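One structure is given below, encoded as structure tokens.
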Amino acid sequence: MYNKPTWVSVMAEIRTSATPGAPLLSVKNLQSWYGESHILHGVNLEVRQGEVVTLLGRNGAGKTTTLKSIMGVVRKRQGSITKGGTETIGLPSERIAKLGIALCPEERAIFSSLTVRENLMLPPKLRDGGMSVDEIFSLFPNLKERIGTSQGTKLSGGEQQMLAIGRILRTGADLLLLDEPTEGLAPVIIQQIGHTIRKLKERGLTILLVEQNFRFASTVADRFYVMDHGVIVDGFKAADLEANMPKLHEYLGV
Amino acid sequence: MRKYSISTTLGAVSLLAIAASPALAQYKGPPIKIGVMNDMAGPYADIAGKGSVWAAKKAIEDFGAAKKGMTVEIVSADHQNKPDVGSAVARKWLESDGVDMITDVNTSSVGLAVNEVTSSLNKAYLNVGSATSDLSGKACKATTVHWIYDTWMLANGTGSAIVKNGGDSWFFITADYAFGLALERDTEAVVLANGGKVAGKVRAPFPTADFSSFMLQAQASKAKVIGLANAGADTINAIKTAGEFGITQSGQQLAGLLVFLSDVHSLGLKTAQGLTFTDAWYWDTNDANRAFAKEFAAANDGKYPTYDHAGVYSAVTHYLRAAEALGDVKDGKKVIDKMKELPTDDKLLGKGMIRADGRKIHDVQLVQVKKPDESKYPYDYYKVLATIPADKAFRPMAEGGCPLVK
Amino acid sequence: MTEIFGVPTQALFGQLLLGLINGSFYALLSLGLAVIFGMLNIINFTHGAQYMMGAFGAYLVGQYFGIGYWPSLIVAPLLVGLTGVIIERTMLKRLYHLDHLYGLLFTFGVALIIQGYFRYYYGSSGLPYPIPPSLAGGTRLTLFDQPIMFLPWYRAWVIFFSLAICITTWYLIERTSLGAKLRAATENPTIVRTFGVNVPLLITLTYGAGVGLAGLAGVLAAPIYQVSPLMGADLINVVFAVVVIGGMGSILGSVVTGFVLGLIEGLTKVFYPEASTTVVFVIMAIVLLVRPAGLFGKAATTTTGVESTSVGSGLDGGRVLNVVMAAMAVVLMAAPFVVYPQFLMKALCIAMFALSVNLLLGYAGLLSFGHAMFLGSAGYVSAHAAKVWGLTPELAILAGTATAAAMGVVVGAIAIRRQGIYFAMTTLAFAQMVYFLALQVPFTHGEDGIQAVPRGKMFGFIDLNNQLSMYYVVLAIFMFALLMVHRIIHSPFGEVLKSIRENEARAISLGYKTDRYKLMAFVLSTTICGLGGATKAIVFQLASLTDVTSGTSGEAVLMTLVGGLGTLLGPIVGAFVITGMETYLAEWGQWVTVIQGVVFVVCVMAFRRGLVGEIAYRTGKPL
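Residue numbers (numbering that gives the first Met the number 0), protein chains in the order written: chain A, 0 to 253; chain B, 0 to 405; chain C, 0 to 622.
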């Protein structure tokens, strides 16, 4: 068994790495419940401005719950989540959205009772930086062709994913939470998504990504966290991915 | 079973006799308890309702009960137009609350149900509010008197008057329940007997909010008269609709078969003008009636009394007279027999009598609703066209099928 | 003049036009209901009362502020919508996380409060509201030079305005970005919130808008119908039928169905007018048979589970329960010497009614809106058997009970196939049809009811005219019914029922033919209900229409709620409480309705376990 790194040592590692920017998102001792089930037992993580950070972990580790807690979808939570210095614990989702966070959920949540155009236009522009339709089309050319489709759910899986990411760009959020964007998609599409994420990073957006596919994650991420049983158990920079492979295999059980 | 009394809250007034000097006190019997039961908040609340309670109290006061040493108490209840509620309240009143006489009780189905209860317990029943002529017909009882009106009187008075006036072809819009059907049946008989004919009938569900399609059918029949065999809200709705569709303007006459003053007030003269019907008592016919009406209005939010209220006043007055003569009211049949023996006379209905079949008779009027510009003061709604004498106004005793009359 | 089926063409067209006008109201009202149901998944039973408030609003602002018809069209709906917003914000929103049944019961209670209050202050004669002068009069319509009818301008306005509102609403919802937010929030409110859309506010405003639509319909109705406290109650059942037929949640469905049904009603008025108020329900039953989700609807939502107190294992019977039941029996045996027996007997019969409803709702999870039809029908048959056929009371009661059981088989077989609110609406449709039959069929004597039913001699020798004898017979019947229910609940059959209520899918996967169990439960329920009704007819010597009205069904649900859903003794306590209220507060008239409404609301908001349920919960013993 490897020595499990402590929170202190992980943070020390991060601080010593020369990543620019102040922490945009700071999560301290986050505990979350679904009804009676205690899912998160004290999550600590940090995402700095302009970074792409990936949360790894096996099924049930609490990755999606973490994202949902940050977005305020999981109502019962304790601890501290600050975005740009503002505390968000206790705020409802719509207020958190106004602070510049956006979530692209695992299930994509494309609305069947809305057209593709309506799906895309649904999120309102909440802050400066909210992209126009043309800007989104430039990032997702496929979407432009399919914009006239009568029902959002008539798109293919890959197109729905594009739509799901594309629409949250309208809000002007500078922190994107993406939950398993490549799940169930063909390799060609996965490449496209990776390409898009890199472009978003170029634009200055910060992204917290949940992924099972760490090969894909390694093409976009700056840093990794590993989650297990509702806590962060490890963290390392992208450059150290190969070195941490054996540990990773054990955590993920692959 | 231990007797106990449940005191009623709203609407219960207790008139206690002040200890007058023994020389004046003539009545030696136990305290008398009268129950006024009717629809207090439903479609017929304005026709009877709390006004009847006031009328009963006024009758006691005018009779001078206190001075005669009589203790008379009034209790009241809302039967909600449901026979089971009415019969349950009646039973409770008579069995365990010490009530001696029940009066008013509008809505025929309730009236009939209470009739059974009072008869089985041998207590007096002075029904004022029910329309069904069966109360003095096949459902007559030795303990029951039917006061002020019934379907036969309405049908006969209104029907024959209108036919004689030229309205010899009729179309009926009937509320599809026992009361409406009875009214239609009685009126049709009168129309035919007077040489008229019936061009058609339509049954409207009870209750109906929108009479437009029935009015259209009536219009299409080209009958001279449209007979409304219904009451309360149905009548009001029907008349309103007729006004809206210009029925009277195009020459057809509306005959309301059961119309109360409160209905006319609700409609407004503009809509109700020209309506012709039989009225059992109208407030603006003599000074005594006018005085009563003014007092009533002052105590009842400005509403003027209907003939139901006058009936209650008259019934209670005559009852007290019989009570005074007998000295005891516990035996219902004895009290009713006494009431039949004494001729009736009160300031509202004037002179009259109670027949062997329990039918109280008096003179009634044929009235017509005034035009708006003909009305000079509040509730100045009717002009009296004719008076129908008591012996002509009500169904002949022999025709009723009452078992008391052989 | 040409004729179609013996009716002059011109009369026919006139009636169709009138039907279209009625249809306008149906469409407008069902529009509001559909919008509310679509967004909130709440069946807004208050809709009829809010419609009435709109009409009264127009009347009152006219009386006190001199505001005329045209401004009232805006003012009244705004005011009514505002009351809706307040209700939603303070109370309704707390119920969203619960079973839909509670929202339904809550709005039902609010309707009782509003209606009772208005009835108390304004009576029921109705108040006049004039047709605005600018729309007075009308025109003679002709078709091919044949006169059809005189069309009042106001009625034409009603059609035009309703259509305009319906189209506008449809457009708002289907074609605007606001509507897109609404539709999305209906599908997945959580995600829509993450986009920064204030969904709770949206929901509040939607409820307010739906309620405002009801108020608007009321203003529209004021000049042609009576402004009366009852105007909503008469209409609401039909409107619900329209929404169910159109497909709950479908805007288009409600509007189209509203107009079409108005037309059909108009036709019925020409050919068979007595049935005009019932034809809607016949159509509803047929539609539900063929297309359970309605004509335009999406799949029906199922009820997930009402809060029943199921404490402890059902099979152990519960010693505490047995002791309590024995004590209750003793108390009831001594009771007639202390309490007025007529009241006790009424309460016992009604308790059987409540027990039957609870069996269905608390244990099988099925809400029936129409149980009164079994109560009343059993009463009619029992009364007729005793009075006309001269049967001895026990045979008469048996006849009545058997009738209810047979009806239960028929109704149950059709209704069981549906779930949740659709099941409830099917039972309502049948109840309305039974009401219609009760009114038309000669032996029931319509409004008068069957009166002077003889009590007779039980088994040929117990004289039931003796009040005490009658009482003990009723008590015996009641104890029999209670023991039957007890046996049913605490049996393997009862356990299966409970599992079906909690998770039907799982029960099916375990191999249970759940439909058969539900049907059995339904028939058992109607049988016990019938027993109560048949006995009641003999006790009160009267069988009347009251027992088949939907208000009576609602009261049974209220009793079960007050006493405790899913407890054995709860409905009995509830029955005594409610019957006691009605009997001893009868002089208060309409305040009783208001109080009942308040009790409904309080129970749903804060006291869901009910009296007995609360005790059972705290002591941990099944009751």
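Glycine included, C-beta positions come from ideal geometry on N, C-alpha and C. Keep in mind it's a predicted model, so treat the numbers as computed, not measured.
Does the beta carbon of residue 632 of chain C sit closer than 9 Å to a beta carbon anywhere in chain B?
No answer is possible for residue 632 of chain C: the residues shown for chain C start at 0 and end at 622.
My assumption, with CB atoms under 8 Å, is that residue 443 of chain C sits in contact with residue 437 of chain C. Please give the rounded CB distance.
5 Å between Cβ atoms; contact.
May I ask you to list the residues that DSSP assigns as paired with residue 356 of chain C?
Looking at the DSSP assignment, residue 356 of chain C forms no beta bridge with any residue, so it has no partner.
Which residues of chain B have a Cβ atom closer than 8 Å to the Cβ of residue 21 of chain C, listed in chain order?
Those within 8 Å of residue 21 of chain C in chain B are 209.
Can you pull the chain C residues whose beta carbon is under 9 Å from the beta carbon of residue 175 of chain B, in chain order?
Under the 9 Å cutoff, chain C gives 272, 273, 438, 439, 445.
Can you tell me whether residue 360 of chain B is helix, strand or coil according to DSSP?
Here residue 360 of chain B sits in strand by DSSP.
Starting from the Cα of residue 212 of chain A, find the closest Cα among A:184, A:234, A:123, A:147 and give me that residue.
Ranking A:184, A:234, A:123, A:147 by Cα distance to residue 212 of chain A puts A:184 first.
Helix, strand or coil for residue 22 of chain B per DSSP?
Annotation note: pLDDT 44 at residue 22 of chain B (below 50); position unreliable, no value reported.
Using a Cβ cut-off of 7 Å, pull out every chain A residue sitting near residue 386 of chain C, in sequence order please.
Near residue 386 of chain C there are no residues of chain A at all, since even the closest Cβ is about 58 Å away, more than 7 Å.
What's the C-alpha gap between residue 203 of chain B and residue 45 of chain B?
Taking the straight line from one Cα to the other gives about 23 Å.
CA-CA distance, residue 194 of chain C and residue 350 of chain C?
Straight-line Cα distance between these residues: approximately 52 Å.
Should residue 325 of chain B and residue 69 of chain B be called a contact, given that it needs their Cβ atoms to be closer than 9 Å?
Their beta carbons are not under 9 Å apart, which means residue 325 of chain B does not touch residue 69 of chain B by this criterion.
With 16 other CB atoms within 10 Å as the buried threshold, where does residue 73 of chain C fall?
So residue 73 of chain C ends up on the exposed side.
Given a cut-off of 9 Å on the beta-carbon distance, is the pair residue 130 of chain B and residue 149 of chain B in contact?
Cβ atoms of residue 130 of chain B and residue 149 of chain B: closer than 9 Å.
Which two residues bound the contiguous beta strand (DSSP E) that contains residue 39 of chain B?
Neither: residue 39 of chain B is in no beta strand (DSSP E) and is coded neither H nor E.
Does any CB atom of chain A fall closer than 9 Å to the CB of residue 185 of chain C?
Closer than 9 Å: yes.
Which residue comes first and which comes last in the beta strand (DSSP E) that contains residue 226 of chain A?
From DSSP, the beta strand (DSSP E) with residue 226 of chain A extends over 222–227.
Grouping DSSP H, G and I as helix and E and B as strand, with all else coil, what is residue 229 of chain B?
Here residue 229 of chain B sits in coil by DSSP.
Closer than 9 Å, CB to CB, is residue 195 of chain C near chain A or not?
Yes, its Cβ sits closer than 9 Å to a Cβ of chain A.
What three-state label does DSSP hand residue 199 of chain B in the structure shown?
In this structure, residue 199 of chain B counts as strand in the three-state DSSP scheme.
For residue 118 of chain C, which residues in chain B fall below 9 Å Cβ to Cβ?
The answer, in chain order, is 40, 41, 44.
Assign residue 350 of chain B to one of three DSSP states: helix, strand, or coil.
It is a strand residue.
Consult DSSP for residue 84 of chain A and reduce its assignment to one of helix, strand or coil.
Looking at residue 84 of chain A - three-state DSSP - the assignment turns out to be coil, as it is neither helix nor strand.
Residue 189 of chain C versus chain A: which residues are under 8 Å apart at the beta carbon?
Residues of chain A passing the Cβ test: 72, 92.
Could you tell me if residue 114 of chain C is buried or exposed, where buried requires 16 or more neighbouring beta carbons within 10 angstroms of its beta carbon?
Burial call: buried.
Tell me whether residue 354 of chain B is buried or exposed, calling it buried when 16 or more other Cβ atoms sit within 10 Å of its Cβ.
Buried, by the Cβ-count rule.
Beta carbons nearer than 9 Å to chain C: which residues of the segment 79–107 of chain B have them?
Those would be 79, 80, 81, 82, 83, 84, 86, 87, 88, 90, 91, 94, 95, 106, 107, in chain order.
Can you list the alpha helix (DSSP H) stretches of 4 or more residues lying completely in the segment 79–144 of chain B, in chain order?
If we require 4 residues or more, the alpha helix (DSSP H) runs fully inside the segment 79–144 of chain B come out as 82–95, 107–119.
Return helix, strand or coil for residue 96 of chain C, following the three-state DSSP convention.
In this structure, residue 96 of chain C counts as coil in the three-state DSSP scheme.
Determine whether the beta carbon atoms of residue 375 of chain C and residue 175 of chain B lie at a separation below 9 Å.
No, they are not a contact pair.
Does residue 86 of chain C get closer than 9 Å to chain B when you measure Cβ to Cβ?
Answer no: the Cβ-Cβ gap between residue 86 of chain C and chain B never drops below 9 Å.
Shortest alpha-carbon distance to residue 421 of chain C belongs to which of C:244, C:270, C:276?
It is C:244.
Check the C-beta distance from residue 46 of chain A over to residue 22 of chain A and give it rounded, since I have them as a contact under 8 Å.
With a Cβ gap of about 7 Å, residue 46 of chain A and residue 22 of chain A count as contacting.
Quickly, what does DSSP pair residue 260 of chain C with across the bridge? List them, please.
DSSP output for residue 260 of chain C lists no bridge partner at all.
Considering residue 72 of chain B, what are the terminal residues of the alpha helix (DSSP H) in which it resides?
Careful: residue 72 of chain B lies outside any alpha helix (DSSP H), inside the beta strand (DSSP E) at 71–77.
Do you know offhand how far residue 122 of chain A's Cα is from residue 141 of chain A's?
So the two alpha carbons sit approximately 20 Å from each other.
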